[in-house]
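The opening position of the sequence shown corresponds to residue 6 in this note's numbering, with each subsequent residue numbered one higher. Idealized CB from N, CA, C, for every residue including glycine. Report on one structure; see the data block that follows.
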Amino acid sequence: MAGSYLYQWWWIPIVILSRCCLLLTTDSNLPYLSQYPEEEYSEFHPIDDEVVVFLHEQCNEEVNLTDIQSQLQHWSVNLSISILPRSLTCETRSWGFGALLYSLSQPTTKALIAALDSSSCEFVSKLAHTWNKPLFTWTCPLKNLEDRRLSNIVRLSPALPSLAQALTEMFLHLQWRSAAIIGTDEEPWSSLDRVVVDALRTIGIVPRYHAILPQRATWSQIRRTLKSLHYISRRATVLCLPLNDDSTNRILTELDVSRDSSMLTSMILMIHTEDNDLFLPQIVPTASPLETPISLSFTSTQSSNFSPSDLPRTYTIVDQRMDVGSAYTNPSQRYVPSRNLSGTTLDNLLILMPLDQRYDIQEMLNGTEYYTQPTLIERLNESLGIMMHDNGTINSYNNKMYTYVIMDWRVDNWKPIMMISEEKEGLTVKRLTTNARAFFTVENLDFIPCDADNDCTNGLLEVSVHYTHIVAAILGSLLFAFLLVLLAIFIRKQLLKNRISEGPYKIILTASDFVFSQTNHTDSKTVDKGVETMLCCWLQPLQEFGGPKVEKPDLLQVGTVGSHRPYLQTSTGNLARQTFFKVRRAMYNGDSVQLKELSCQGTFELKNKTMGVLVTIHGLRHENLNPLIGCLNEPTRPCLVSEYCSRGSLEDVLVQDEIKLDWSFRLSLLTDLVRGMRYLHGTPIRVHGYLTSRNCVIDARWVLKITDYGLPAFYEAQNMPSPSKLSRDLLWTAPELLRDVNLRKKGSQPGDVYSFGIIMQEVIVRGEPFCMLALSPEDIIEKVMSPPPLIRPSVSKGAAPPEAINIMRQCWAESPDMRPDFNCVHDLFKKLNYGRKVNFIDTMFQLLEKYSNNLEELIRERTEQLDMEKKKTEQLLNRMLPNSVAEKLKLGIPVDPEEFREVTIYFSDIVGFTTISAHSTPFQVVDLLNDLYTCFDATINAYAVYKVETIGDAYMVVGGCPVRIPDHATQVATMALDLLHQSGRFKIRHLPQMQLKLRIGLHTGPCCAGVVGLTMPRYCLFGDTVNTASRMESTGAPWRIHISQATKDRLTQAGGYNIEYRGTTDVKGKGKMPTYWLLGKEGFDKKLPTPPPFGCLIIYLFPCYQKRGSWIG
6 MAGSYLYQWW WIPIVILSRC CLLLTTDSNL PYLSQYPEEE YSEFHPIDDE
56 VVVFLHEQCN EEVNLTDIQS QLQHWSVNLS ISILPRSLTC ETRSWGFGAL
106 LYSLSQPTTK ALIAALDSSS CEFVSKLAHT WNKPLFTWTC PLKNLEDRRL
156 SNIVRLSPAL PSLAQALTEM FLHLQWRSAA IIGTDEEPWS SLDRVVVDAL
206 RTIGIVPRYH AILPQRATWS QIRRTLKSLH YISRRATVLC LPLNDDSTNR
256 ILTELDVSRD SSMLTSMILM IHTEDNDLFL PQIVPTASPL ETPISLSFTS
306 TQSSNFSPSD LPRTYTIVDQ RMDVGSAYTN PSQRYVPSRN LSGTTLDNLL
356 ILMPLDQRYD IQEMLNGTEY YTQPTLIERL NESLGIMMHD NGTINSYNNK
406 MYTYVIMDWR VDNWKPIMMI SEEKEGLTVK RLTTNARAFF TVENLDFIPC
456 DADNDCTNGL LEVSVHYTHI VAAILGSLLF AFLLVLLAIF IRKQLLKNRI
506 SEGPYKIILT ASDFVFSQTN HTDSKTVDKG VETMLCCWLQ PLQEFGGPKV
556 EKPDLLQVGT VGSHRPYLQT STGNLARQTF FKVRRAMYNG DSVQLKELSC
606 QGTFELKNKT MGVLVTIHGL RHENLNPLIG CLNEPTRPCL VSEYCSRGSL
656 EDVLVQDEIK LDWSFRLSLL TDLVRGMRYL HGTPIRVHGY LTSRNCVIDA
706 RWVLKITDYG LPAFYEAQNM PSPSKLSRDL LWTAPELLRD VNLRKKGSQP
756 GDVYSFGIIM QEVIVRGEPF CMLALSPEDI IEKVMSPPPL IRPSVSKGAA
806 PPEAINIMRQ CWAESPDMRP DFNCVHDLFK KLNYGRKVNF IDTMFQLLEK
856 YSNNLEELIR ERTEQLDMEK KKTEQLLNRM LPNSVAEKLK LGIPVDPEEF
906 REVTIYFSDI VGFTTISAHS TPFQVVDLLN DLYTCFDATI NAYAVYKVET
956 IGDAYMVVGG CPVRIPDHAT QVATMALDLL HQSGRFKIRH LPQMQLKLRI
1006 GLHTGPCCAG VVGLTMPRYC LFGDTVNTAS RMESTGAPWR IHISQATKDR
1056 LTQAGGYNIE YRGTTDVKGK GKMPTYWLLG KEGFDKKLPT PPPFGCLIIY
1106 LFPCYQKRGS WIG
């Protein structure tokens, strides 16, 4: 429904956007659509009371708009008619809608007459409705009753709801009460199908059969669809299908083949939606040339809602200059049913067609009146006539009224037998003959029940396109799914059976799977020694790093339960210890396991239901549940096999006074028990039933685990009686379970909570249940079963924290409803543990973790300091030597001298530095050079050069070494300009008025480089190029860059440098050499200092300042 709602209102955003665009164009005086030039609209400007004619369907035809305009001149007295030119209506950018929107937006446009194609009818209708402009059209029929709300649309074509209403009047008049409908998914027939079904329902007729066929249905599809129709009785079969279509002919043939004696009087009614003479008597009149249509495009297609390719052509499109006689339909093109149909089918064939009310069907039959197809001029005249004068031919919702004729096929032509006239007051029915087959009444035809294979409830049946096949497919799918489920269940049982009896994870065990030996306790001792060794290994490094001396835990000093076995064996009066040692042990898959013998009478044999229970128990996995390994399936001595826990039961640990158990240790054991029971109560097992301190075992890591769970379900599935218990064994049992023997066999979750409360008493006081009462177990059980008085263990408030005492008392409450479940108990224990997960291992290693964390922090700090020092050393080495050389030295690789084919070397010094040093203190000289070279170092970082060294006021830089680059000359020359700029801006701190004049020399040539020295290694350059560069500097001038011929050639080759020829210079060791001044570079906009005239005497003036009480000038 949401999709159809969106489909109905898709045009609203377009209208809103179009109006916004119109407002924008109105405000800005811009054309509405940018793709239309202003001069193109100049031929169409709205005038007062204008009627706009939009002939979009004429785009495929040659239309003379001038002739049309001249034939409409007689309306110009009252109307101003403007026909949109073909250049606007037929343009391909917006399919003419740009001009249409422009016309509708003009306030002077009073009405629109449009010939539209089927794809644009809905859009244009809603646009006209939005702008409240009347729209006259004969190509957009009314498809449904909802479109009646567009009250300003005048439709001059047959309305589909009116055709459906005429059909219902025919049914009422002929007293037909049953029908079958066959339609297609093609427009407008799908819309016709819907309105026909709705109209028949309004008179109480529900189609007994309703099928929607695809647009181009095949023979097999038609046969499958109509197969169910053969056995359904109906008075008429309504075909909402195009007449000239292969599918329609196939449907008629299928209906003809399937007709039997019970269907001889079932009529076949075909509905035609067009106003044309496909079925009328053929009369060719004479006509004047003025009546010849300018274009017959509207009579060339089956429906105005079709594109030309939708249906076969029934009429021939003729040119406006063709002969008059050719404007009428050729008799061979009229609709004639297939001659292959039987006579019965042809006798029962009817056509419902619309006819213009201007014609009288009787006079047409008599030959006194003939039918002509309405031309374009006639359509326009009709629209203008309704607009100006006559509204008697349209109904209340502005649709042209028609007469609907029912035609009957007789031998070789169609004969009208009934007509239904549409008037404003309603529909009137008139019979034109009395002997039509459709008028014959059939007794009890509409009460014939459907065939047994097609049962019709209350005589009504609505079948979809593939009803039978869909039902068969659904039933087949359900059957197939059912078989798959059965197969899956069978396979699962087989896999389960194989799994529990075979493989490494089998559950059903035999005696051959075990290795039985004498009970020894070397494993527990080994575990104890391993734990002690591990603790000692942890404690020794802590003490070496200055940590405190940590004593061994009490548990290691006094040994374990295993070390006290002789004591336990010689003790008497402890039933728990005697029971524990009756449990057998064995080896299974190399691990120790515990065997719990099951008491049974006769031969033991596992049942299928018991296997399912064992699988469920075996699948339970939790850190505080002792996992079940399997069941020893021995006929005489069956056993349940579980993992062996070397520390024994919780009762065994509690009775050993030599084991020091502080509250944190006991709390960790109780927390383990709560976690295990909380998990167990959330599983399919649901309850434990036999929870005591004896079936809470402790493994080598001092983790408490629950065992013997699931026994009530196992006994019930195996149909075994529960083992009898002594009074001492019932001290953990809840009162309501003691009173009800049957409930005791199954157990309950509140009963498990009660048992946990008794175990808490054991842990807190380290004694047996009710040990503080001087009563026998029998007396205790009697008093617990029959209160008052209410008897419970007495525990002092100082034995445990008050919160723990409160939890214990809540757990052994008399009423089961007053006891908390294990989820609540778990939350309460979280508060006792302050939200932390506590177990014995955590408690034992708390101290170790404290000191180990301190040790880790110390090591981390030392490592960070070492890394920082290493980075500092590497940075210092990288500053002294090139990166490539430094990396080789760090790796211990010798650095060999390297020859460079061509480099550019820079030398500079400070003119008058000796004089400046003479008037400065040593510290001031150091500060001066530090400030200057810091500035220079920061400047050369922007260039691909390497600073070689500084000696006093001399500064040496090389380009193309140690990294070879092709543009070394340009890099060094641009750097020299930049350093010259910096020297001009440099201020001496102690001589602010003094200008620092720099003298620079450059030379390009080959050189050799390498590392010299071991104690203070230096990266040095060797060769004549170094000497020549130094001579360029020494023979230069202040604030000038002196370059050699080689450097000048490289810069000239690069281009962009301003170089001035100095002349020949006498260079020591080289003789006369042509040299040059580097004056600047294109794009280098930094200000360079103005050098003094070359050859003049430079006088340095220093401000006088006082030092040490004397004046120095």
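- With a threshold of 16 other CB atoms inside 10 Å of the CB of M813, please say whether the residue is buried or exposed. By one-based count along the sequence shown, residue 813 stands at place 808. By the neighbour-count rule (16 or more Cβ atoms within 10 Å), M813 is buried.
- Query: Between which two residues does the beta strand (DSSP E) carrying F912 extend?
  - Reply: If you number the sequence shown from 1, residue 912 lands on position 907. Run containing F912: E903 to I915, per the beta strand (DSSP E) assignment.
- Query: Can you name, in chain order, every residue of its own chain whose Cβ lies under 6 Å from the Cβ of V916, other than the five neighbours on each side?
  - Reply: Residue numbering aside, residue 916 sits at position 911 when the sequence shown is read from its first letter. Same-chain partners within the cutoff: K1002, R1004 and P1043.
- In angstroms with no decimal places, state the Cα-to-Cα distance between P1098 and R1045. Translated into positions along the sequence shown, residue 1098 becomes position 1093. Translated into positions along the sequence shown, residue 1045 becomes position 1040. Between P1098 and R1045, the C-alpha separation is close to 11 Å.
- Are at least three pairs of beta-carbons, each pair with one atom in the region 367 to 374 and one in the region 409 to 417, less than 8 Å apart? no
- Under 8 Å, do D972 and T944 count as touching if we go by C-beta distance? As a position in the sequence shown, residue 972 is number 967, starting the count at 1. As a position in the sequence shown, residue 944 is number 939, starting the count at 1. Not in contact: D972 and T944 (Cβ atoms no closer than 8 Å).
- Message: Tell me the DSSP secondary structure of Y593 in three-state form.
- Response: Counting from one through the sequence shown, the residue named residue 593 turns up at place 588. Looking at Y593 - three-state DSSP - the assignment turns out to be strand.
- Message: In this structure, how does DSSP classify K429 when only helix, strand and coil are distinguished?
- Response: Your numbering for residue 429 matches position 424 in the sequence shown. DSSP, reduced to helix, strand and coil, places K429 outside both helices and strands of the structure shown, so it counts as coil.
- Going along the chain, which residues of its own chain have a beta-carbon closer than 8 Å to the beta-carbon of G1061, five neighbours each way excluded? Counted from its first residue, the sequence shown places residue 1061 at position 1056. Correct list, in chain order: K1086, E1087 and G1088.
- Where does the unbroken alpha helix (DSSP H) through H134 begin, and where does it stop? Residue mapping note: residue 134 aligns to position 129 of the sequence shown, counting from 1. Here the alpha helix (DSSP H) through H134 covers C126 to T135.
- Task: Per DSSP, which residues does G188 bridge with? Please list them.
- Result: Residue 188 sits at position 183 when you count from the first residue of the sequence shown. I217 and C245.
- Query: In the DSSP assignment, what are the bridge partners of L1081?
  - Reply: Translated into the one-based positions of the sequence shown, residue 1081 becomes position 1076. Reading off the sequence, residue 1081 comes out as Tyr, not Leu. According to DSSP, which records beta bridges pairwise, Y1081 is partnered with I1048 and Y1066.
- Looking only at its own chain, which residues have a Cβ that is under 6 Å from the Cβ of L140, when we skip the five neighbours before and after it? Your numbering for residue 140 matches position 135 in the sequence shown. Closer than 6 Å at the Cβ level, and outside the excluded window around L140, lie L117, A133 and I158.
- Query: Going by the C-beta, is P793 closer than 7 Å to any heavy atom of the ligand GDP?
  - Reply: With respect to the ligand GDP, the structure shown offers nothing to examine, as it has no ligands at all.
- Query: Looking at the structure shown, is Q815 part of a helix, part of a strand, or coil, going by DSSP?
  - Reply: Here residue 815 refers to the residue found at position 810 of the sequence shown. The three-state reading of DSSP puts Q815 in helix, counting H, G and I together.
- Task: For L982, decide whether its Cβ has a neighbour in chain C, counting only Cβ atoms nearer than 8 Å.
- Result: Reference to chain C is not applicable here, since this structure consists of a single protein chain.
- Query: Would a C-beta distance cut-off of 8 Å place T1040 and P1011 closer than the cut-off?
  - Reply: On the sequence shown, residue 1040 is found 1035 positions in, with the first residue counted as 1. On the sequence shown, residue 1011 is found 1006 positions in, with the first residue counted as 1. Taking 8 Å as the Cβ cut-off, T1040 and P1011 do not qualify as a contacting pair.
- Contact belief for T94 with L121 at Cβ below 8 Å, rounded distance in angstroms: The count along the sequence shown starts at 1 and reaches residue 94 at position 89. The count along the sequence shown starts at 1 and reaches residue 121 at position 116. That belief does not hold up - the Cβ atoms of T94 and L121 are roughly 10 Å apart, past 8 Å.
- For the beta strand (DSSP E) that contains V835, what are its first and last residues? Within the sequence shown, the letter at position 830 stands for residue 835. Inspection of the sequence shows that residue 835 is occupied by Lys rather than by Val. Annotation: K835 is outside any beta strand (DSSP E); the continuous alpha helix (DSSP H) that includes it extends over F827 to L837.
- Classification of V890 by the beta-carbon crowding that lies within 10 angstroms, buried from 16 upward: Within the sequence shown, the letter at position 885 stands for residue 890. V890 is buried by the Cβ-count criterion.
- Look at I646 and L514 and say whether their C-beta atoms are less than 8 Å apart. Within the sequence shown, numbered from 1, the residue matching residue 646 stands at position 641. Within the sequence shown, numbered from 1, the residue matching residue 514 stands at position 509. Inspection of the sequence shows that residue 646 is occupied by Val rather than by Ile. At a Cβ-Cβ threshold of 8 Å, V646 and L514 count as neighbours.
- Item | Span of the beta strand (DSSP E), counted from its first residue to its last, around V58 | If you number the sequence shown from 1, residue 58 lands on position 53. Residues E55 to L60.
- Residue from W817, G1068, V58 and A923 whose Cα sits closest to the Cα of P382: For the purposes of this step, residue 382 is taken as the residue at position 377 of the sequence shown. This sequence places Ile at residue 382; Pro is not what is there. Comparing Cα positions, the closest option is V58.
- Tell me, to the nearest whole angstrom, how far the beta carbon of S698 is from that of I764; I am working on the premise that it is less than 8 Å. Within the sequence shown, the letter at position 693 stands for residue 698. Within the sequence shown, the letter at position 759 stands for residue 764. Rounded, the Cβ-Cβ distance is 5 Å, consistent with contact.
- Item | Cβ-based burial, N525 [other Cβ within 10 Å; buried from 16] | On the sequence shown, residue 525 is found 520 positions in, with the first residue counted as 1. Caution applies to N525, whose pLDDT of 48 falls short of 50 and renders its modelled position unreliable; the model cannot decide the point.
- Just curious, the alpha helix (DSSP H) that P740 is in, first and last residue? As a working note, residue 740 is residue 735 in the sequence shown. Looking at the DSSP string, the run of the alpha helix (DSSP H) that includes P740 is P740 to R744.
- Query: Looking at the unbroken alpha helix (DSSP H) that takes in R206, where does it start and where does it end?
  - Reply: Here residue 206 is taken as the residue at index 201 of the sequence shown, counted from 1. Element bounds for R206: W194 to T207.
- Would the beta-carbon of E639 fall within 8 Å of that of A516? For the purposes of this step, residue 639 is taken as residue 634 along the sequence shown, with counting starting at 1. For the purposes of this step, residue 516 is taken as residue 511 along the sequence shown, with counting starting at 1. For E639 and A516, yes; Cβs fall inside 8 Å.
- Query: Do I227 and T189 come within 8 Å of each other at the CB atom, strictly closer than that value?
  - Reply: Mapped onto the sequence shown, residue 189 falls at position 184. Mapped onto the sequence shown, residue 227 falls at position 222. Contact flag unset, no.
- Message: Helix, strand or coil, according to DSSP, for K730 in the structure here?
- Response: For the purposes of this step, residue 730 is identified with residue 725 of the sequence shown, where counting begins at 1. Coil.
- By how many angstroms is the C-alpha of T1057 removed from the C-alpha of Y1066? Along the sequence shown, one-based indexing puts residue 1066 at 1061. Along the sequence shown, one-based indexing puts residue 1057 at 1052. The straight-line gap from Cα to Cα measures roughly 12 Å.
- Message: I'd like to check one pair, D958 with L1: are the Cβ atoms closer than 8 Å?
- Response: Nothing can be reported for residue 1, as the shown portion of the chain is limited to 6 through 1118.
- Measuring alpha carbon to alpha carbon, tell me which of T223, S233 and H235 ends up nearest I250. As a first step, residue 250 must be located in the sequence shown, where it is residue number 245. For the sequence presented, residue 250 should be read as Asp rather than Ile. Cα-wise, what sits closest to D250 is T223.
- Output the boundary residues of the beta strand (DSSP E) element that contains R415. Translated into the one-based positions of the sequence shown, residue 415 becomes position 410. Start and end: Y407 to R415.
- Span of the alpha helix (DSSP H) around E259: Position 254 of the sequence shown, counted from the first residue, corresponds to residue 259. It spans D251 to S263 - the alpha helix (DSSP H) in which E259 sits, taken as one unbroken run.
- Message: For I391, report the span of its alpha helix (DSSP H) as first-last.
- Response: As a first step, residue 391 is located in the sequence shown; it is residue number 386 there, counting from the start. Bounds of the alpha helix (DSSP H) holding I391 are L381 to M393.
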